[in-house]
Amino acid sequence: MGRIEEAPFWEHKGIRVVFDPEWRCRRQEPLPTKAWIKTFYEKRYFQEVKDGWDELQNEEREFWERIFEDKRVNLEELLPGGSAPWKCLDVGCGNGMFLAYLQRRGWKVRGIEPSPLARLARDKYGVECSPDFIENVPVPSAEDKFHVVHVADLLEHVLEPYELLRKCHAFLRPDGIFLLDHGLDFNPFQLSAVEQMGLPCWWIAPEHITYWTHDQVVGALQREGFEIVRKESDFPIDLLLLMGIDYVSHPERGREAHRMRENFERVLSKTGRDDVRRRFYRQLASVGLGRQIRFYCRPGKT
């Protein structure tokens, strides 16, 4: 098999993906309709694709709160001093656990979530949450804008990704931080696993409209007026495929791979070496590697 990134298209389970030179990333072909997207997220996503998501996050609370704490520490280092309590808007906030974590530490928070999890964010976690899509939410006045706009695992789900970035820019204070937490698809570890192990492009899914490499995300952020001031990766779990943990052919091994990642982070944390873990992840991000990369950005002129 040749280098699959050079193929004219990529397919998995009936979903075809092509590179779009206008969008400057890979995307589904044909594109889903707005009506399909609206119905999918209001009625199916957390009921089918992510069924049991709230229970899973609570089972793995230590893992998730380590991520939340990393984000909080980075944000408070980058935000201007003397501004507490800071205000955070989480676009596509899911069940609101990240916002609840910040809220317990003195932040003012608000979420936007079109799925039924918006009610869970309000009723279970005590988070103010608008049950809507961001395109329907008006831009606040200058005094009501946010110190932080947070977007995690959302860019690939929207039909107009550049419009999402523009809307987030508009919600942000001039001295604020836009935090984009984004998965890297078609990354070198995935591509190597497909080419060497004969695996399918398993990351292609009907709910993922666009697919972005590190450099493509950087380009999109820069085009929309953001200045990237910090990057931090997470554990590149696809690396474990190349080490023999084939969780694609054997999905039951997915939990094993995840536990290995958790143990790696837990041991460093328990031995007081979170700083080592963070430096390691920042080095990975500097060369565009990781399953996720968190881009901390300041708004510039659009």
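Just add 6 to the spot in the sequence shown (first one is 1) and you have this note's numbering.
Glycine included, each C-beta is placed from N, C-alpha and C at the ideal position.
Comparing C-alpha positions only, which one of Glu213, Arg284 and Gly231 sits nearest to Lys44? Translated into the one-based positions of the sequence shown, residue 44 becomes position 38. Measuring from the Cα of Lys44, the nearest candidate turns out to be Glu213.
Residues in its own chain within less than 7 Å of Val143 by CB, not counting five upstream and five downstream? On the sequence shown, residue 143 is found 137 positions in, with the first residue counted as 1. For Val143, the CB contacts under 7 Å within the same chain, skipping 5 residues up- and downstream, are Ile118 and Ser136 in chain order.
Can you name the start and end residues of the alpha helix (DSSP H) that Arg300 belongs to? For the purposes of this step, residue 300 is taken as the residue at position 294 of the sequence shown. Counted as a single uninterrupted DSSP element, the stretch harbouring Arg300 is not any alpha helix (DSSP H) but the beta strand (DSSP E) occupying residues Gln298 to Pro305.
Starting from His18, trace the alpha helix (DSSP H) in both directions and tell me its first and last residue. Start at 1 with the first residue of the sequence shown, and residue 18 comes out as number 12. From DSSP, His18 is part of no alpha helix (DSSP H) but of the beta strand (DSSP E) over Trp16 to His18.
Is it the case that the region 209-223 contacts the region 270-290, given that we only count it when at least three CB pairs across the two stretches are under 8 Å? Cβ pair count under 8 Å is below three, so no.
Between the CA atoms of Gly102 and Arg50 - distance to the nearest angstrom: Here residue 50 corresponds to residue number 44 of the sequence shown, with the count starting at 1. Here residue 102 corresponds to residue number 96 of the sequence shown, with the count starting at 1. In a straight line, the C-alpha of Arg50 is about 18 Å away from that of Gly102.
Secondary structure of Pro122, DSSP reduced to three states: In the sequence shown, residue 122 corresponds to position 116, counting from 1. Pro122 carries a coil assignment under DSSP once its states are collapsed to helix, strand and coil.
Taking the alpha-carbon positions, what's the Gly4 to Asp60 distance? The chain is shown from 7 up to 308; residue 4 falls before or after that span and cannot be answered.
Is it true that the region 71-85 meets the region 114-128, where meeting means three or more beta-carbon pairs spaced less than 8 Å apart? The region 71-85 is not in contact with the region 114-128.
Taking the alpha-carbon positions, what's the Tyr302 to Asp187 distance? The sequence position of residue 302 within the sequence shown is 296, counting from 1. The sequence position of residue 187 within the sequence shown is 181, counting from 1. Near 9 Å, if we compare the C-alpha coordinates of Asp187 and Tyr302.
Exposure label - Val200; buried when at least 16 CB within 10 Å: For the purposes of this step, residue 200 is taken as residue 194 along the sequence shown, with counting starting at 1. Label assigned to Val200: buried.
Just verifying my parser: in three-state terms, what is the DSSP assignment at Ser255? Taking the first residue of the sequence shown as 1, we reach residue 255 at position 249. Three-state result, Ser255: coil.
Using the rule of at least 16 other Cβ atoms within 10 Å of the residue's Cβ for burial, across every protein chain shown, is Arg67 buried or exposed? Here residue 67 corresponds to residue number 61 of the sequence shown, with the count starting at 1. In the assembly as shown, Arg67 is an exposed residue. Its beta-carbon has fewer than 16 other beta-carbons within 10 Å.
So, is Pro14 buried or exposed, given that buried needs 16 or more other C-beta atoms within 10 angstroms? The count along the sequence shown starts at 1 and reaches residue 14 at position 8. Pro14 should be labelled exposed.
Out of Gly182, Ile21 and Arg172, which has the shortest C-alpha to C-alpha gap to Asp150? Against the sequence shown, residue 150 aligns to sequence position 144. Checking every option, the nearest Cα to that of Asp150 belongs to Gly182.
Quick one: is Arg279 buried, meaning 16 or more other Cβ sit within 10 Å of its Cβ, or exposed? As a working note, residue 279 is residue 273 in the sequence shown. It is exposed - the Cβ of Arg279 has fewer than 16 other Cβ atoms within 10 Å.
Taking 8 Å as the threshold, find out whether the region 228-240 comes into contact with the region 279-291 through three or more Cβ pairs. In short, these stretches touch, since the Cβ pair count reaches three.
Just to confirm, are Val154 and Trp92 a CB contact at a threshold of 9 Å? Your numbering for residue 154 matches position 148 in the sequence shown. Your numbering for residue 92 matches position 86 in the sequence shown. The Cβ atoms of Val154 and Trp92 sit closer than 9 Å to each other.
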